[in-house]
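Accompanying notes for the structure given below.
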Amino acid sequence: MLNTALLDDLLKNLLKQVPELLGVLVVDLDGLIIAQQSVKEIREDMIGAVMSVVEQTMERIKKFTETSYGSARFDTNDFQLFYVELGGSNPALFILVADPYSDLERVIPYSYIIAEKVSKILNFQDVSINLPDFNHNGNNNIIDIKNNSHSNEFTNLKILLIGHKEVGKSTLQNIYVNGNISEEYKPTIGVSYIRKKFSITSDNKLQLHLFDISGLRSFAKIRKYYYPKADAVIILFDYSRKETLEDINEWIEEAKFFINNSGIPYFLVGNKVDLIQERDDLRKKAKRLAVQYDCSFFEISSVTGQGIDELFTQLISNLLN
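Count along the sequence shown starting at 1, add 27, and that's the number in the numbering used here.
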């Protein structure tokens with residue numbers, strides 16, 4: 028049964044972070060509103076106008092429900108509208124509505140965090156409705172980790188997980204934070220965000236903000252908003268799909284370009300070691316790339332959990348030192 032209360036609370040949290048939005052809706056592909064929240068009551072005629080715009084693309088979306096994760100933006104005299112397609116077994120649209128003068132372009136990259144959480148709720152997955160603070164200053168850094176209002180007693184660290192789609196980034200994130208694995212693969216729509224708190228000593232408390240960045244091609248132009256102020260980067264490839272290692276240099280160079288901080292640690296991580304017995308050639312190539320780009324090299328299994336604790340123990344050690 029759909030947890031509508033959790034969905035409503037998530038949408039309310041979004042409006043607290045971005046009060047300049049008029050409202051946010053989740054709509055199924057038959058045009059029925061699943062959930063709706065607004066800062067102030069949205070007029071019925073405006074909702075009708077919003078749905079009229081969305082329904083023009085409904086038929087196209089229905090043809091590609093399992094694989095479509097597209098988005099679109101529309102501007103009218105009365106409002107701006109942006110939607111993201113939420114695929115999976117319960118497809119829907121996640122819709123933002125803003126007045127004509129709001130800086131919606133800046134809100135869109137942040138909204139993908141909420142879209143991913145909405146998609147998980149619709150597909151009956153456990154999800155935290157905690158959101159990182161939205162940075163209202165006019166620059167490319169949309170996430171305010173260092174001044175997080177919920178965690179002043181903690182040292183806040185921003186960790187990015189990047190790499191080709193389907194290499195196990197979300198599974199790695201879930202195992203480390205929640206200790207569980209999702210049985211059904213669903214691509215990350217934009218950004219999967221989870222935070223993990225723990226104490227090193229009574230006076231040294233850490234909060235890791237883990238951002239699993241989508242490897243989908245459609246998300247490429249949004250990724251640049253998540254790189255600034257990163258404290259560490261994990262780049263994953265899949266030992267069972269050698270093509271995911273072949274373009275790893277593009278991922279590393281993209282991260283280094285947008286982060287522009289040579290002092291942070293990078294970790295090149297080979298996943299699914301449990302599936303491949305003969306991997307010497309790939310390992311040698313990966314180690315050469317790690318040396319070339321000054322990355323630490325690790326091997327893990329996101330199925331058995333092998334190597335995951337060691338990876339994050341070393342990452343935290345690097346950051347503390």
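For each residue, glycine too, the CB sits at the ideal point set by N, CA and C.
Rounded to a whole number of angstroms, what is the C-alpha to C-alpha distance between Ser267 and Gln107?
44 Å
Neighbourhood of Val134 by C-beta distance below 6 Å, restricted to the same chain and skipping five residues each side
Val45
Distance check for Ile202 and Gly332, CA to CA, integer angstroms please.
7 Å
Starting from Gly114 and walking both ways along the beta strand (DSSP E), at which residues does that stretch end?
Looking at the DSSP string, Gly114 is not in any beta strand (DSSP E), and its letter there is neither H nor E.
If we ignore side chains and look at the alpha-carbon of each, how far apart do Ala259 and Phe325 end up?
Computed Cα separation, rounded: 14 Å.
Val134 CB to nearest heavy atom of the ligand HEM below 6 Å:
As presented, the structure is devoid of all ligands, the ligand HEM included, so that no description of it is given.
What three-state label does DSSP hand Thr103 in the structure shown?
coil
What residue does the alpha helix (DSSP H) around Lys299 start on, and which one ends it?
First-last for Lys299: undefined, no H or E at that position.
Distance, Leu37 Cα to Asp321 Cα:
39 Å
One or two residues paired with Tyr220 in a DSSP bridge:
Phe238
By a C-beta neighbour count over all protein chains shown, 10 Å radius and 16 as the cutoff for buried, is Tyr110 buried or exposed?
buried
Note down the Cα distance separating Glu281 from Ser328, rounded to an integer number of angstroms.
25 Å
If we ignore side chains and look at the alpha-carbon of each, how far apart do Ala247 and Tyr254 end up?
12 Å
Quick check on DSSP: helix, strand or coil for Lys39?
Correct three-state label for Lys39: helix.
Taking the straight line between their C-alpha atoms, what separation do you get for Pro127 and Leu235?
36 Å
Sheet register partners of Val80 (DSSP bridge)
The partner list for Val80 (beta bridge, DSSP) is empty, contrary to what the question assumes.
Does the beta-carbon distance from Gly242 to Gly190 come in below 7 Å?
yes
Have a look at Val204 and Asp102 and give me their C-alpha separation to the nearest angstrom.
39 Å
Taking 7 Å as the cut-off, decide whether the C-beta atoms of Tyr137 and Gly217 are in contact.
Inclusion of Tyr137 and Gly217 in the CB contact set at 7 Å is not warranted, their separation being larger than that value.
My understanding is that Val81 touches Val54, with C-beta atoms under 8 Å, so please give their C-beta distance in whole angstroms.
7 Å
Taking buried to mean at least 16 other C-beta atoms within 10 Å of its own C-beta, is Thr31 buried or exposed?
exposed
What is the rounded straight-line gap between the Cα of Leu316 and the Cα of Asn276?
8 Å
Specify, as a first and last residue, the run of the alpha helix (DSSP H) that Thr340 falls within.
335-347
By how many angstroms is the C-alpha of Pro118 removed from the C-alpha of Asn183?
34 Å
Rounded Cβ spacing between Gln64 and Gly75 (contact assumed at less than 8 Å)
At roughly 18 Å, the Cβ-Cβ gap does not stay under 8 Å, so Gln64 and Gly75 are not in contact.
Quick check on Phe389: does DSSP put it in helix, strand or coil?
In the structure displayed, the chain extends from 28 to 348; residue 389 sits before or after that span and is not available.
Considering only residues of the same chain and omitting the five flanking positions on each side of Asn40, which have a CB-CB separation below 6 Å?
Ile156, Leu158
Express the C-alpha separation of Thr215 and Asp308 in angstroms, rounding to a whole number.
30 Å
Separation of Thr228 from Leu120, as counted between CA atoms:
44 Å
When DSSP builds the beta bridges, which residues end up paired with Ser197?
For Ser197, which the question treats as bridged, DSSP gives no partner whatsoever.
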